[in-house]
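Protein chains: 2
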Amino acid sequence: MKLAIIGATGMAGTALYKESVSRGHDVTAIVRNKERADSLLGSDAKVINKDVFELTKSDLAGFDVIVNAFATAPDQAYLHLDLAAKLIALFRETESPRLFFILGAASLLDSEGNLFLDTLKNVPDAASWISIPIEAYKTLNFLRSVENVNWVGVSPSAEFVPGEAVVPILGKDDLLTSATGESIVTSGTMAVAILNEIEAPQFIRTRFTVCNQ
Amino acid sequence: MKLAIIGATGMAGTALYKESVSRGHDVTAIVRNKERADSLLGSDAKVINKDVFELTKSDLAGFDVIVNAFATAPDQAYLHLDLAAKLIALFRETESPRLFFILGAASLLDSEGNLFLDTLKNVPDAASWISIPIEAYKTLNFLRSVENVNWVGVSPSAEFVPGEAVVPILGKDDLLTSATGESIVTSGTMAVAILNEIEAPQFIRTRFTVCNQ
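So the protein sequences, as listed, match chains W and P. Here our numbering runs 158 ahead of the position in the first sequence, where the first position is 1. Here our numbering runs 158 ahead of the position in the second sequence, where the first position is 1.
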């Protein structure tokens, strides 16, 4: 399939790029920093080197799936919501491309049915990064209101860290934990789960979540 | 003040344009149809003749207030939300321009505390137009999540009809009714209320509503 990855030089994006290539897909990395892309993805990687807010519909024409692995600093976390709204607006009343959003874990419910965001807000240093889960939560709420675009969202587990793939466990709206009680997903596992979902869609206009087994 | 009106040839926009001119403001009409603008607003009207989704930040630079009186057909009602998201994205982390959104009445609460949208959904021919109040409600919910843009929303009363101005009654989130029990606002009254709010802001990053006295 013809895939585009926005933010392909980030933790999630890099793993996703590699998994896509290894499965034989035709992948384009959409990045702001071409040198970083060359260094992380190899100089033969297909790259669109452009600020995401400058992307046009024709830049994105012909892709089967666009995965949004965009990341920002906490002081510009609102760009997550703005980028989602931009991508949705570009592809209203279409079924292709499918838009795949990597969201945070904050919108998941914990074992007591509480929004994980509320737990995160009480973490001692939350003030320095809480804008990111807040805006990711807003982004999911925005997406949930969209009925005429082929979108899907994926949330990691409580911890989202670099690492090799293991077998992914999937869920819907509940924060998952492994057999050993850890709520953690590695970038490799996330990439496997995303590629599985791209190749055999199960979640249409909804959000799912992934945990390391 | 330097004002821009998106959708200045619609019912709300035309009344607003005239009220703005009569109060001596420097007004620009942003319209898709120049001939219609010439005919409704006069050929000496300042006009930006452009599709709203093509507007750039530089097109909108220098305005103190941009009033969004954009209207669509029901089958493209989602454009309300997309346009709001676009305007918000253009002016993140700014206090000027102030963005003034004309929203529907559906997001107001009736005298029993029920969302007026739920009542509207049960109107016999609702299927043919309900997308518009639904998307306006989504737009308000989107705006309520925005903390770093100087926005304000205004909802009409249950009926929003062409007509001269009378004294406006203002409220917050409840559907208003006049002394005679009618929930109705004319385009003239709406224009007066909007210009009053532009000249002396009372509602910051919130929504208010207007009814004919």
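Where is the CB? At the ideal position from N, CA and C, for every residue including glycine. Keep in mind the model is a prediction, meaning the values are calculated, not measured.
Extent of the continuous alpha helix (DSSP H) to which residue i belongs
i: Gly346/P; result: 345–357
i: Glu293/W; result: 289–302
i: Glu193/P; result: 192–199
i: Thr338/P; result: Where Thr338/P is concerned, there is no enclosing alpha helix (DSSP H), given that its DSSP letter is neither H nor E.
i: Lys279/P; result: 274–279
Start and end residues, beta strand (DSSP E) containing residue i
i: Pro119/P; result: Because chain P spans 159 through 371 in this model, residue 119/P falls outside it and cannot be assessed.
i: Val179/P; result: Note, Val179/P: premise wrong, no beta strand (DSSP E); alpha helix (DSSP H) at 169–180.
i: Pro326/P; result: 326–329
i: Glu317/W; result: 317–319
i: Thr367/P; result: 365–370
i: Ser313/P; result: 307–313
i: Ala437/P; result: There is no way to answer for residue 437/P, as the model of chain P reaches only from 159 to 371.
i: Ile188/P; result: 184–189
Chain W within 8 angstroms of residue i, Cβ atoms only
i: Phe274/P; result: no
i: Ala243/P; result: yes
i: Tyr236/P; result: yes
Short CB-CB distance (under 8 angstroms) between residue i and chain P
i: Asp209/W; result: no
i: Asn306/W; result: yes
i: Asp240/W; result: yes
**Study point:** Cβ pair count under 8 angstroms reaching 3, the region 303–312 of chain P against the region 359–367 of chain P
**Key:** Contact between the region 303–312 of chain P and the region 359–367 of chain P is established, with three or more Cβ pairs separated by less than 8 angstroms.
Check your understanding: If you measure beta-carbon to beta-carbon, which residues of the region 246–257 of chain P are closer than 8 angstroms to chain W?
Key -> Ile246, Ala247, Arg250
Check your understanding: Given a limit of 7 angstroms on CB to CB distance, which residues of the region 313–333 of chain W reach chain P?
Key -> none
Exercise for review: Compile a chain-ordered list of the residues in the region 277–302 of chain P whose CB is closer than 8 angstroms to at least one CB of chain W.
Suggested key: Lys296, Asn299, Phe300
Point to revise | Ordered list of beta strand (DSSP E) runs contained in the region 199–239 of chain W, each at least 3 residues | key: 204–207, 223–226
Check your understanding: At a cut of 8 angstroms, does the region 246–266 of chain W reach the region 281–301 of chain W through at least three beta carbon pairs?
Key -> yes
Practice item. Tell me, please, whether the region 238–258 of chain P touches the region 241–248 of chain W by the rule of three or more beta-carbon pairs shorter than 8 angstroms. Key: Result yes; three or more Cβ-Cβ pairs closer than 8 angstroms.
Point to revise | Sufficient close CB pairs (3 or more, under 8 angstroms) joining the region 349–357 of chain W to the region 319–327 of chain W | key: yes
Check your understanding: Quick check: the region 252–260 of chain P against the region 223–230 of chain P, are there 3 or more CB pairs under 8 angstroms?
Key -> yes
Review point. Touching or not, the region 339–346 of chain P and the region 161–175 of chain P, by the rule of three or more beta carbon pairs under 8 angstroms?
Key: yes
Check your understanding: Any chance the region 207–215 of chain P sits against the region 187–194 of chain P, with 3 or more Cβ pairs inside 8 angstroms?
Key -> yes
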